[in-house]
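Comments concern the structure below.
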Ligand SMILES: [Zn+2]
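Numbering (the numbering used here), first residue to last: 1231 to 1548.
Below, the structure is given as structure tokens:
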């Protein structure tokens, strides 16, 4: 018979840090059970168990540790699906399955030797922990909207289809081995945009926490990866390393529809071809190719002043 106090429930909660590593484990009553801290490559620095921690019960020690991955008790390695990570020495136990993609990095190196910034969810490629967190936020926002529309009276077939497509595209962006997608929230660009920089598909989002712009640019990023959208001229003085996305009405329509679904009519730009009465708001069906052509955007010019610009109006009709 266990001598555990009654109030220790069978439910445990993992509380993680910015990399997803378990730092605190508490029981159902919010009482601390275990505290773990790590050195940069995942070696455990502190592992403290609290007074009511019961050593006799197998499996009570936190199963998920560094970056939220399961610790294999027999080897002491961390299980990351494709490979085991030896956190005591800070490298992988075998070669990177995507070794030909990262020729300039040792195939045993963990996260490009930058374990404070990157995580490697399945042992294949390192990703920014910020990117993963923002990707999750976008995914949850789309799922929440989907649930809302499915429970709302009336037909929302087109909207539901658009949101389901968005989820599929986000899934692809997370799981593909062919591209690296990166959200840049520190961009100096005026307005959001998506480009290919140094082989990565970069979604620039100057307005930091904006989910609706994130979902808009994610739509373009996916289209770029599928070659539905094309890239044009060079950007700035990055030579041929950075290319600008060529605007396309169908691509913009899809992106603005998703922006509307996540951000609502308040997130949408004005269009000279959409007349709204005072107090009237635009709807999903107002996002037509004509609406896109008339969109008013602002661009900072050489004089430092923002000018109204109709960037989509000159797009070639196909
Ligand atoms: Zn766009």
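From the three backbone atoms N, C-alpha and C, an ideal C-beta is built for every residue, glycine too.
Query raised in the report: residue 1451: beta carbon under 7 Å from a heavy atom of ligand 1?
Result: By 1-based counting over the chain shown, the position of residue 1451 is 221. No, ligand 1 has no heavy atom inside 7 Å of this Cβ.
**Report entry** Supposed close pair residue 1340, residue 1315 - CB separation, criterion 8 Å
**Finding:** Numbered from its first residue, the chain shown carries residue 1340 at position 110. Numbered from its first residue, the chain shown carries residue 1315 at position 85. Right, their Cβ atoms sit about 6 Å apart.
**Report entry** Assigned exposure category for residue 1280 - 16 Cβ within 10 Å defines buried
**Finding:** Residue 1280 sits at position 50 when you count from the first residue of the chain shown. The residue in question, residue 1280, is exposed, as its Cβ has fewer than 16 Cβ neighbours within 10 Å.
**Report entry** Reduced DSSP secondary structure (H/G/I, E/B, other) of residue 1462
**Finding:** Locating residue 1462 in the chain shown gives position 232, counting from the first residue. Strand, per DSSP.
Query raised in the report: Using 8 Å as the limit for Cβ to Cβ distance, is residue 1444 near chain C?
Result: Within the model displayed, chain C is absent; a lone protein chain is all it includes.
Query raised in the report: Do residue 1449 and residue 1484 have their C-beta atoms closer together than 8 Å?
Result: As a position in the chain shown, residue 1449 is number 219, starting the count at 1. As a position in the chain shown, residue 1484 is number 254, starting the count at 1. Yes, the pair counts as a contact, with Cβ atoms nearer than the cut-off.
**Report entry** Reduced DSSP category for residue 1331 - H, G, I as helix; E, B as strand; rest coil
**Finding:** What you label residue 1331 is simply residue 101 of the chain shown in a count that begins at 1. Residue 1331: helix per DSSP, three-state reduction.
**Report entry** Through-space distance from residue 1349 to residue 1309, alpha-carbon basis
**Finding:** Numbered from 1 along the chain shown, position 79 holds the residue referred to as residue 1309. Numbered from 1 along the chain shown, position 119 holds the residue referred to as residue 1349. Near 13 Å, if we compare the C-alpha coordinates of residue 1349 and residue 1309.
Requested in this report: Specify whether the region 1480-1498 and the region 1519-1534 touch according to this definition: at least 3 beta carbon pairs, one from each stretch, less than 8 Å apart.
Outcome: yes
Query raised in the report: Taking the runs of the beta strand (DSSP E) that are 3 residues or longer, which of them lie wholly in the region 1245-1305?
Result: 1252-1257, 1262-1268 and 1274-1279
**Report entry** With 16 other Cβ atoms within 10 Å as the buried cut-off, status of residue 1353
**Finding:** Numbered from 1 along the chain shown, position 123 holds the residue referred to as residue 1353. Residue 1353 comes out buried.
Query raised in the report: Taking residue 1269 as the reference, which of 1459, 1318, 1305 and 1388 has the closest Cα?
Result: Reading the chain shown from its first residue, position 39 is the one you call residue 1269. That would be 1318, whose Cα lies nearest to the Cα of residue 1269.
Query raised in the report: Comparing the CB of residue 1446 with every heavy atom of ligand 1, is any distance shorter than 7 Å?
Result: Here residue 1446 corresponds to residue number 216 of the chain shown, with the count starting at 1. Flag set: Cβ of residue 1446 near ligand 1.
**Report entry** Chain-order list of residues whose beta-carbon lies under 7 Å from that of residue 1499 (same chain, five-residue window excluded)
**Finding:** Position 269 of the chain shown holds residue 1499. For residue 1499, where only same-chain residues beyond five positions count, the Cβ hits under 7 Å are 1525, 1526 and 1527.
Query raised in the report: How would you write the range of the alpha helix (DSSP H) that residue 1380 sits in, first residue to last?
Result: Counting from 1 along the chain shown, the entry for residue 1380 is found at position 150. Looking at the DSSP string, the run of the alpha helix (DSSP H) that includes residue 1380 is 1359-1380.
Query raised in the report: Do you know whose CA, among 1435, 1443, 1420 and 1412, lies nearest residue 1428's CA?
Result: Walking along the chain shown from the start, residue 1428 turns up at place 198. Measuring from the Cα of residue 1428, the nearest candidate turns out to be 1412.
Query raised in the report: Roughly how many whole angstroms lie between the Cα atoms of residue 1440 and residue 1373?
Result: Looking up residue 1440 in the chain shown gives position 210. Looking up residue 1373 in the chain shown gives position 143. Residue 1440 and residue 1373: Cα-Cα distance of roughly 17 Å.
Query raised in the report: Is the number of C-beta pairs between the region 1529-1537 and the region 1500-1510 that are closer than 8 Å three or more?
Result: no
Query - Contact under 8 Å by Cβ, residue 1399 with residue 1452 - result: Along the chain shown, read from residue 1 onward, the residue named residue 1399 stands at position 169. Along the chain shown, read from residue 1 onward, the residue named residue 1452 stands at position 222. A contact, by the Cβ cut-off of 8 Å.
Query raised in the report: Considering only the beta carbon of each residue, do residue 1487 and residue 1405 sit closer than 8 Å?
Result: As a working mapping, residue 1487 is identified with position 257 in the chain shown. As a working mapping, residue 1405 is identified with position 175 in the chain shown. The answer is no: Cβ separation not under 8 Å.
Report task. With DSSP collapsed to three states, give me the class of residue 1403. Result -> Numbered from its first residue, the chain shown carries residue 1403 at position 173. DSSP places residue 1403 in helix when its eight states are reduced to three.
Report task. Using a threshold of 8 Å, state whether the C-beta atoms of residue 1442 and residue 1497 are closer than that. Result -> Counting from one through the chain shown, the residue named residue 1442 turns up at place 212. Counting from one through the chain shown, the residue named residue 1497 turns up at place 267. Taking 8 Å as the Cβ cut-off, residue 1442 and residue 1497 qualify as a contacting pair.
Query raised in the report: Would you report the Cα separation of residue 1323 and residue 1293, rounded to the nearest angstrom?
Result: Position 93 of the chain shown holds residue 1323. Position 63 of the chain shown holds residue 1293. Rounded to whole angstroms, residue 1323 to residue 1293 spans 20 Å at the Cα level.
Report task. Tell me where the beta strand (DSSP E) around residue 1316 begins and ends. Result -> In the chain shown, residue 1316 corresponds to position 86, counting from 1. Where residue 1316 is concerned, the enclosing beta strand (DSSP E) stretches over 1314-1316.
Requested in this report: Compute the distance between the beta-carbons of residue 1540 and residue 1512, then report whether it is under 8 Å.
Outcome: Sequence index remark: in the chain shown, residue 1540 carries index 310 (1-based). Sequence index remark: in the chain shown, residue 1512 carries index 282 (1-based). It is not a contact, given that the beta carbons lie outside the stated cut-off.
Query raised in the report: With distances taken between CB atoms, is the gap from residue 1550 to residue 1386 smaller than 8 Å?
Result: As shown, the chain starts at 1231 and ends at 1548. That puts residue 1550 outside it, with no answer to give.
Query raised in the report: Between the C-alpha atoms of residue 1493 and residue 1445, what's the straight-line distance to the nearest angstrom?
Result: As a working note, residue 1493 is residue 263 in the chain shown. As a working note, residue 1445 is residue 215 in the chain shown. C-alpha separation (whole angstroms): 9 Å.
Query - Whole-angstrom C-beta distance between residue 1256 and residue 1298, which should lie under 8 Å - result: What you label residue 1298 is simply residue 68 of the chain shown in a count that begins at 1. What you label residue 1256 is simply residue 26 of the chain shown in a count that begins at 1. Going by Cβ atoms, the distance from residue 1298 to residue 1256 rounds to 16 Å, so no, they are not a contact pair.
Query raised in the report: Cβ of residue 1420 within 8 Å of Cβ of residue 1529?
Result: Position 190 of the chain shown, counted from the start, is the residue given in the question as residue 1420. Position 299 of the chain shown, counted from the start, is the residue given in the question as residue 1529. Contact: yes.
Requested in this report: Measure the C-alpha to C-alpha separation of residue 1382 and residue 1301 and round it to an integer number of angstroms.
Outcome: In the chain shown, the residue the question calls residue 1382 occupies position 152. In the chain shown, the residue the question calls residue 1301 occupies position 71. Going from the Cα of residue 1382 to the Cα of residue 1301 covers about 44 Å.
Query raised in the report: Anyone know if the C-beta pair for residue 1263 and residue 1277 falls short of 8 Å?
Result: Residue 1263 sits at position 33 when you count from the first residue of the chain shown. Residue 1277 sits at position 47 when you count from the first residue of the chain shown. Taking 8 Å as the Cβ cut-off, residue 1263 and residue 1277 do not qualify as a contacting pair.
Requested in this report: Could you tell me which residues DSSP pairs with residue 1412 in its beta bridges?
Outcome: Mapped onto the chain shown, residue 1412 falls at position 182. Answer by DSSP bridge pairing, in chain order: 1432.
Report task. Assign residue 1500 to one of three DSSP states: helix, strand, or coil. Result -> Taking the first residue of the chain shown as 1, we reach residue 1500 at position 270. Looking at residue 1500 - three-state DSSP - the assignment turns out to be coil, as it is neither helix nor strand.
Query raised in the report: Hey, residue 1355 and residue 1328 are a contact pair by Cβ (cut 8 Å); roughly how many whole angstroms apart?
Result: Here residue 1355 corresponds to residue number 125 of the chain shown, with the count starting at 1. Here residue 1328 corresponds to residue number 98 of the chain shown, with the count starting at 1. That pair is a contact at about 6 Å.
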